[in-house]
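Below is one structure, written out as structure tokens, with a few remarks after it.
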Amino acid sequence: MKTINVLATALVMLMMMSMPGYAVDTQNPQPATDTKGAMGKMTSELLDQHLRAKQEHLLKMHELSNQILTEQDAAKKEQLKTQQLELMKADHAKMMEHHHGKRNKH
């Protein structure tokens, strides 16, 4: 019984300490339609364009993955893996360039 009381007290204290994290800032409310964060402020057209490019990249990656899994010839399989790796490297370099470019602006 003593253990239950201790656990219940600890749970209540934990809940009370976490409540300020859910408080609403009435002084500076954020607009609900603002697209902030990693994407920055984007218009819906730019966001759509960005997501379509990302979708195209994902489709290429999945297509290569499927080809790699079904390929029987070891040399052809390695060629496909190299092609997929180059695509991954290009995407990573693009992300890093964008990330570091944003960092230098601030």
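Going by our numbering, the first residue of the sequence shown is number 7, and it counts up by one from there.
By construction, the Cβ of each residue, glycine as well, lies at the ideal position given by its N, Cα and C atoms.
Since the model is a prediction, treat every value here as computed from it, not as a measurement.
Output the distance between the C-alpha atoms of residue i and residue j, rounded to the nearest integer angstrom.
| i | j | result |
| --- | --- | --- |
| H106 | K47 | 17 Å |
| T76 | D54 | 33 Å |
| E62 | L70 | 12 Å |
| H104 | E51 | 19 Å |
| D79 | M67 | 20 Å |
Starting from residue i, follow the alpha helix (DSSP H) in both directions and report where the run begins and ends.
| i | result |
| --- | --- |
| M67 | 50–76 |
| M19 | 8–24 |
Leaving out five residues before and five after residue i in sequence, what residues of the same chain have Cβ atoms less than 8 Å from its Cβ?
| i | result |
| --- | --- |
| Q117 | Since the first residue shown for the chain is 7 and the last is 112, residue 117 is missing from the structure and cannot be characterised. |
| T41 | Confidence in T41 is poor, its pLDDT being 49 and thus under 50, which makes the residue's placement unreliable; the coordinate value appears in the next sentence. Excluding residues within five positions, the ones whose Cβ falls inside 8 Å are K47, M48, L53. |
| L86 | L70, Q73, I74, E77 |
| K83 | I74, E77 |
Take residue i and list the residues in its own chain whose beta-carbon comes closer than 7 Å to its own, dropping the five residues that flank it on each side.
| i | result |
| --- | --- |
| A16 | none |
| D97 | H63 |
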